[in-house]
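Asks:
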Amino acid sequence: MAIEKQADVVPFDREKIQRTEGRLDGWLRRQGWMEPVSDFVQKLVGGFYGALGKPGRTLQDLMHGVWPLGHPLHPALTDVPLGAWFAAVVLGFASYIWPAVPAAVGPSVLAVGIVAALAAAAAGYTDFHDTYGLERRTGLLHGLTMTLAVLVMVVSLAVTIWSPGGRAAALAIATAGLLISLFGAFVGGHLTFKLGTMVNRHAFTEFPEEWFEAGDPKDFGEGELKLAHAGSIPVLVVRRNGTLNAIAATCSHAGGPLQEGRLDGDIVTCPWHGSRFCVRDGAVKGGPATFAQPVFLVHEDAGRVRLRAARSGH
Ligand code: FES
C-alpha cells in the first residue's frame, strides 16, 4: 500500500485543526518547506546505509535498537546529553560561586554530552528515515533543533579551549545550547507521546482469550499470506511446510498491513518500511520495528481453522 506523504499534512480547516491539535501541530502543517528538506535528509540517511550494503543493514538495525536492545535505542541515549549539558551549565555557574568547583569540570562534562549527542543523533536520524506525514515534520523539527544544540555546545567548548579569557562567554553559549536542547526534547516528547512514533502498535491491543473461526483449511495455501481475524484483531496466517502459523497482521512499527507484504521462507517483510518478522514466533528479524509481533495459536481440524491469541490481555 502506498503511503500518501502529502495527504496527511494538507490542512482542510486550519481553525478546526488548531483548536483540536494545538499550536505546534498547526504550525507544522503550514511549513511546506519541510517536505523537500525531509526528503533530502531521508535520502541522505537511506543512501548512507544503502551504500554500506549488508553491513549497512546491520548497522541500521543497531541504530534502531533491533539488537541488542530489542527496544528503540534513540530514547535510551538522549538522557545522557541532556543530563550532561544540564550538569555542565550548573557546574559552570557553581564554579563562579564556589572556588572548590574547578572551572574545567563543566566543559569536561559538556564534552561528554556532545559525544553522547552524536550517538543519539545517529539513532534519531535513522528512525527519522522511516517517518511520514505530520510525524515526519515533527521529527525534522526535533532533529534540526537538537543538531543546532550540538553545534552551539561545540562552539561553547571551542571558546573554552581556544579563548582562555572567554569562560563567561562559553558558559553563556552553553546555557543557550541547553535551552535549545530542552525545546528539542519537548518536540521529541511530542513526537512519541502525541504522534506515537516508534511506539509498539500493539501496546494497547486487548487480546481475547477465546477461539475464533478463521475459515476452511483449503483457504490457506502453502506459502500464501492470508488475512483472518480473531475478533477485531487482524491476523496474518501462513502455511509453511503444511503447518499453519499466525501472527498479528498489523506491523508493530507503524501499523503496516503484513498480509500485503512479501514472504521469504519464514520471514514476512512489511510493505511500508521493510521490517521483517518470523511468522513462526513473531520475532523481529530486521528493523525499523523493534517489537515482536504478537503470536496466535492455530487449531486445524474437521474442516475448519480456529485462532486464539497466545497470550491474553495486553
Ligand atoms: S509499518 Fe513500518 S515497517 Fe511496518
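Each residue of the sequence shown is one higher than the one before, counting from 310 in this note's numbering. By construction, the Cβ of each residue, glycine as well, lies at the ideal position given by its N, Cα and C atoms. All values derive from a computational prediction rather than experimental measurement.
For the segment 521-534 and the segment 459-477, state whether three or more C-beta atom pairs, one from each stretch, are separated by less than 8 Å.
Replies: No, because fewer than three Cβ pairs between the segment 521-534 and the segment 459-477 fall closer than 8 Å, the two stretches do not touch.
Asks: Pick from 488, 391 and 443: whose alpha carbon is nearest that of residue 505?
Replies: Per the Cα distances, 443.
Asks: Assign residue 352 to buried or exposed, taking buried as 16 or more other Cβ atoms, counted over all protein chains shown, within 10 Å of its Cβ.
Replies: It is exposed - the Cβ of residue 352 has fewer than 16 other Cβ atoms within 10 Å.
Asks: Near residue 459, what residues of its chain come up, given a Cβ to Cβ distance below 6 Å and the 5 sequence neighbours on each side ignored?
Replies: Counting only Cβ-Cβ distances below 6 Å, and skipping sequence neighbours, we find 426.
Asks: Return the Cβ separation of residue 350 and residue 437 in integer angstroms, given the expectation that the two are a contact with Cβ distance under 8 Å.
Replies: The Cβ separation is near 7 Å, so the contact holds.
Asks: To the nearest angstrom, how far is the alpha carbon of residue 508 from that of residue 485?
Replies: About 31 Å.
Asks: Just curious, the alpha helix (DSSP H) that residue 578 is in, first and last residue?
Replies: Where residue 578 is concerned, there is no enclosing alpha helix (DSSP H), although the beta strand (DSSP E) it sits in stretches over 576-578.
Asks: Give me, in chain order, the residues of the same chain whose beta-carbon lies closer than 7 Å to that of residue 440; leave out the 5 immediate sequence neighbours on both sides.
Replies: Cβ within range, chain order: 448 and 506.
Asks: For the 8 Å Cβ check, are there 3 or more pairs between the segment 366-373 and the segment 403-418?
Replies: The answer is no - the segment 403-418 does not touch the segment 366-373, with fewer than three Cβ pairs under 8 Å.
Asks: Classify residue 346 as buried or exposed, calling it buried when 16 or more other Cβ atoms lie within 10 Å of its own Cβ.
Replies: Exposed.
Asks: By Cβ distance below 6 Å, which residues in the same chain neighbour residue 358 in space, the five residues on each side in sequence not counted?
Replies: So the qualifying residues of the chain are 365 and 369.
Asks: Would residue 549 and residue 588 qualify as a contact pair, given that the criterion is a beta-carbon distance under 9 Å?
Replies: Yes, the pair counts as a contact, with Cβ atoms nearer than the cut-off.
Asks: Indicate the three-state DSSP secondary structure (helix, strand or coil) for residue 363 in the structure shown.
Replies: Correct three-state label for residue 363: helix.
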